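**Q**
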Amino acid sequence: MNAFKLAHNALMSRSIDEKITLTNELQQLKETHQLNYQSQHSTQSIQDPGRPQKPDLVRFQSVPKRDGSDTGLIKTIHAICHIEFNAINLALDAVYRFHDMPDKFYQDWIQVAFEEAKHFTLINNYLSNLGYHYGDFDAHDGLWTMTHDTDYDVLARMALVPRVLEARGLDVTPNIQKKFQRSKFKNMVEILDVIFTDEIGHVKIGNHWFHYLCQQRGLDSMQTFDRLVKKHIGEKLRGPFNIEARKLADFSNQELKYLQAL
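Going by the numbering used here, 235 is the number at position 212 of the sequence shown; the sequence numbering is gapless.
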C-alpha cells in the first residue's frame, strides 16, 4: 500500500469519521509493515484540505476573546478541538507532500497524525457530553495557513510548524489547565495532560528532522531558523516560553536563548 496515496485520501476527506478511520488504518498499516514509501506522483498545493462544512473559518482577529465564564470555557474547548483537527491534516500533509525523505520521516508523521486523531476524538467526545459539537463556534485557520505557506520546502515546514506553532501549545497548556481546574470542566485537565505529553514528542520529531535537514544541506541551524522566522512570522513570535517542556522536546540551550531574546 502506498503511504502517499493513503495519506492524501485521509487528508482530503471532508468527513470527520472517515478521516479518523483512514488515519487509524494508515497507522495500522505502518505498524504491520504494509506500507511502501515510493513516490509515484507529483504533489499539488492544497489551499483547502478536507474538513467539514462547519466550523465557519474567520480571520484570527475576528475570533472573539474568550472569557472565564462557562460559555467562554466551552468555546476554549472548541478552539482546542479545532487545533487538534487541523493538526491531523498538517501531519497527513507532511506524509503526502515531501518525497525522498527517509522512511522513518513518514513513519514519524503517520504516528503524529494518529495521535492528533486521538486528541481530537477525546475533546470532541467531551464536547458532545456537554451538549456541543465541533463546528458550533467560528474558528480561525492559522495552523493550516502556515502549513500551506511552507509547502515549498520540507525544511521550512519542519522549522515552523512543529517548532513554532505546535511548540506554542507547550507554552500555553499549563495556564489553560489552571483555568479548567478552577471550573466545572475539570476533565479537561486530564485530557490536556495526555495531549501535552504527546505534543512534546511531536515537537521533538520536528526538531529531529529540522536538524537532520540542516545537516544534510550544510546549513547552520540557528541562522536558518532565524531566516525562516523572519520570512514567515516576523515579530509575532513572542514568549513566554515553557523552557522545561521545550528542553524535553530537544530544543538546545542556544535555541532557547534565541527565543528568550525575542
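Even glycine gets a Cβ: it sits at the ideal position worked out from N, Cα and C.
Remember, it's a predicted structure, so these values are computed and weren't measured experimentally.
#1: With a threshold of 6 Å on Cβ separation, who are the neighbours of H122 within its own chain once the five nearest residues in sequence on each side are excluded?
#2: What runs of the alpha helix (DSSP H), each 4 residues or longer, lie entirely inside the segment 215-285?
#3: Throw me the rounded Cβ distance for the Y155 and I97 pair, which I believe falls under 8 Å.
#4: Closest to I106 by CA distance: which of H56, N47, M169 and P125 is it?
#5: For N59, which residues does DSSP report across the bridge?
#6: Could you say which of V184, S206, P197 and D159 lies nearest to C104 if we only look at CA atoms?
#7: Is there contact here, the segment 207-218 with the segment 247-266, by at least three beta-carbon pairs under 8 Å?
#8: Which residue or residues does DSSP assign as beta-bridge partners of L80?
#9: Run the CB neighbour count on A284, radius 10 Å, all protein chains shown included, and call it buried at 16 or more, exposed below.
#10: Taking the beta carbon of M24 as the centre, do at least 16 other beta carbons fall within 10 Å, making it buried, or is it exposed?
#11: Note down the Cα distance separating L236 from G229, rounded to an integer number of angstroms.
#12: Name the residue from K259, M211 and M124 whose alpha carbon lies nearest to the alpha carbon of H231.
#13: Where does Y175 fall in DSSP's three states?
#14: Taking just the CA atoms, how far does N276 sit from A117?
#15: By Cβ distance below 8 Å, which residues in the same chain neighbour Q50 in space, the five residues on each side in sequence not counted?
#16: Do H31 and Y119 count as a contact pair if the criterion is CB distance below 8 Å?
#17: Any idea if G73 is buried or exposed, counting beta-carbon neighbours within 10 angstroms, 16 or more meaning buried?
#18: How big is the Cα-Cα spacing for L153 and G224?
#19: If you measure between the beta carbons of I39 and M211, is that distance less than 8 Å?
#20: Here's a check: name, in chain order, each residue in its chain whose Cβ is nearer than 7 Å to the Cβ of S65, leaving out the five neighbours to either side.
#21: Taking Cβ positions, are K227 and D164 nearer each other than 8 Å?
#22: Within 10 angstroms of the Cβ of K42, are there 16 or more other Cβ atoms? Answer buried if so, exposed if not.
#23: Could you check where the alpha helix (DSSP H) with E11 kicks off and where it finishes?
#24: Quick check on the DSSP output: the alpha helix (DSSP H) that includes S151 runs from which residue to which?
#25: Of the choices D93, H171, L45 and L58, whose alpha-carbon is the least far from that of Q204?
#26: Report, in whole angstroms, the separation of the C-beta atoms of V187 and L260, which I expect to be a contact under 8 Å.
#27: If you run the structure through DSSP and keep just helix, strand and coil, what is Y157?
**A** Considering the structure as presented:
#1: Stepping through the sequence shown from its first residue, residue 122 is reached at position 99. S62.
#2: Listed in chain order, they are 244-255, 266-271 and 276-283.
#3: Within the sequence shown, residue 155 is the residue found at index 132, counting from 1. Within the sequence shown, residue 97 is the residue found at index 74, counting from 1. About 6 Å separates the Cβ atoms of Y155 and I97, confirming a contact at the 8 Å cut-off.
#4: To locate residue 106, count along the sequence shown from 1; it is residue 83. The shortest Cα separation from I106 among H56, N47, M169 and P125 belongs to M169.
#5: By 1-based counting over the sequence shown, the position of residue 59 is 36. Beta-bridge pairing links N59 to N25.
#6: As a first step, residue 104 must be located in the sequence shown, where it is residue number 81. That would be D159, whose Cα lies nearest to the Cα of C104.
#7: no
#8: Here residue 80 corresponds to residue number 57 of the sequence shown, with the count starting at 1. Beta bridge pairing from DSSP links L80 with A162.
#9: Here residue 284 corresponds to residue number 261 of the sequence shown, with the count starting at 1. The residue in question, A284, is exposed, as its Cβ has fewer than 16 Cβ neighbours within 10 Å.
#10: In the sequence shown, the residue the question calls residue 24 occupies position 1. Result: exposed.
#11: On the sequence shown, position 213 is the one that residue 236 refers to. On the sequence shown, position 206 is the one that residue 229 refers to. So the two alpha carbons sit approximately 11 Å from each other.
#12: The residue you call residue 231 lines up with position 208 of the sequence shown. For the residues K259, M211 and M124, the minimum Cα distance to H231 belongs to M124.
#13: On the sequence shown, position 152 is the one that residue 175 refers to. DSSP places Y175 in coil when its eight states are reduced to three.
#14: Within the sequence shown, the letter at position 94 stands for residue 117. Within the sequence shown, the letter at position 253 stands for residue 276. In a straight line, the C-alpha of A117 is about 27 Å away from that of N276.
#15: Residue 50 sits at position 27 when you count from the first residue of the sequence shown. Excluding positions up to five away in sequence, the list reads I133, Q134, A136 and F137.
#16: Position 96 of the sequence shown holds residue 119. Position 8 of the sequence shown holds residue 31. Remark: C-beta atoms of Y119 and H31 approach each other more closely than 8 Å.
#17: On the sequence shown, position 50 is the one that residue 73 refers to. Counting Cβ neighbours within 10 Å, G73 comes out buried, since at least 16 surround it.
#18: Here the question's residue 153 lines up with position 130 in the sequence shown. Here the question's residue 224 lines up with position 201 in the sequence shown. L153 and G224 have their alpha carbons spaced roughly 30 Å apart.
#19: The residue given as residue 39 occupies position 16 in the sequence shown. The residue given as residue 211 occupies position 188 in the sequence shown. No, the Cβ-Cβ distance between I39 and M211 is not below 8 Å.
#20: Taking the first residue of the sequence shown as 1, we reach residue 65 at position 42. There are no such residues.
#21: Here the question's residue 227 lines up with position 204 in the sequence shown. Here the question's residue 164 lines up with position 141 in the sequence shown. No.
#22: Mapped onto the sequence shown, residue 42 falls at position 19. Buried, by the Cβ-count rule.
#23: Because the chain spans 24 through 285 in this model, residue 11 falls outside it and cannot be assessed.
#24: On the sequence shown, residue 151 is found 128 positions in, with the first residue counted as 1. Per DSSP, S151 belongs to the alpha helix (DSSP H) from D126 to N152.
#25: On the sequence shown, residue 204 is found 181 positions in, with the first residue counted as 1. Comparing Cα-Cα distances from Q204 to each of D93, H171, L45 and L58, the minimum goes to D93.
#26: As a position in the sequence shown, residue 187 is number 164, starting the count at 1. As a position in the sequence shown, residue 260 is number 237, starting the count at 1. That pair is a contact at about 6 Å.
#27: As a working note, residue 157 is residue 134 in the sequence shown. Residue state, collapsed to three classes: coil.
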